[in-house]
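Student: Residue numbering for the sequence shown follows my numbering, beginning at 75 and increasing consecutively.
We treat Cβ as the ideally placed atom computed from N, Cα and C, and that holds for glycine.
This is the structure, below, for whatever I ask next.
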Amino acid sequence: MNRPKKTPVRSPKWDAFHFRLPDSRDQLRLIELFKRSGARTKTEYIRARILDEHFRIVTVDKSREDFVRRLTEFTAALNKIGVLYNQAVRAINTYHSPKAAVVMLRKLEGYAADILRLQERVIALTESFRTIDR
């Protein structure tokens with residue numbers, strides 16, 4: 075009761091196409107273009123190129139990347155100081171003793187000074203980036 079083996083029927087829509095790039099410079103160029111394209115797979119990139127579909131090329135500017143990273147660090151620091159500032163204000167509003175209020179006000183002054191220093195650094199960073207970007 076052995077059944078004869080069936081040969082798979084190939085559908086023309088699933089035909090595979092293969093190609094070679096024997097020149098190593100062409101291979102490196104293809105890989106570089108694939109990385110810059112933002113495509114998820116090499117197949118997706120090649121299909122878009124062959125069928126003349128639209129695709130994007132992503133370029134990475136190291137100076138802008140550094141600027142964004144540093145600006146993100148400043149934003150995180152400002153957020154942290156802002157949280158501490160809010161905690162100090164809440165403590166002043168809940169504790170009515172004059173001594174505690176004086177201590178908290180000193181902390182608030184320190185936090186406000188930290189915020190101003192960070193904002194000045196952000197402004198300096200932005201101005202330096204503008205001069206570099208031109």
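1) Between Pro172, Met178 and Ala151, which lies nearest to Arg164 when the distance is taken from Cα to Cα?
2) Taking the CB atoms as reference points, tell me whether Leu145 and Val176 lie closer together than 8 Å.
3) By alpha-carbon positions, which one of Pro96, Ile206 and Gln193 ends up nearest to Thr149?
4) With H, G and I counted as helix, E and B as strand and the rest as coil, what does DSSP make of Val31?
5) Exposed or buried, Ala90, counting other C-beta atoms within 10 Å across all chains shown (16 or more means buried)?
6) With a threshold of 16 other CB atoms inside 10 Å of the CB of Ala186, please say whether the residue is buried or exposed.
7) What number of angstroms, rounded off, separates the C-alpha of Asp100 from the C-alpha of Asn76?
8) So the candidates are Leu152, Ala151 and Thr133; which of them puts its Cα closest to the Cα of Lys109?
9) Considering only residues of the same chain and omitting the five flanking positions on each side of Leu104, which have a CB-CB separation below 7 Å?
10) Thinking just about the alpha-carbon of each residue, which of Lys79, Leu125 and Arg138 is nearest to the one in Ser202?
Tutor: Quick look at the numbers:
1) Met178
2) no
3) Gln193
4) In the structure as shown, the chain begins at 75 and stops at 208. Residue 31 is therefore absent and cannot be evaluated.
5) exposed
6) exposed
7) 51 Å
8) Thr133
9) Closer than 7 Å at the Cβ level, and outside the excluded window around Leu104, lie Leu95.
10) Arg138
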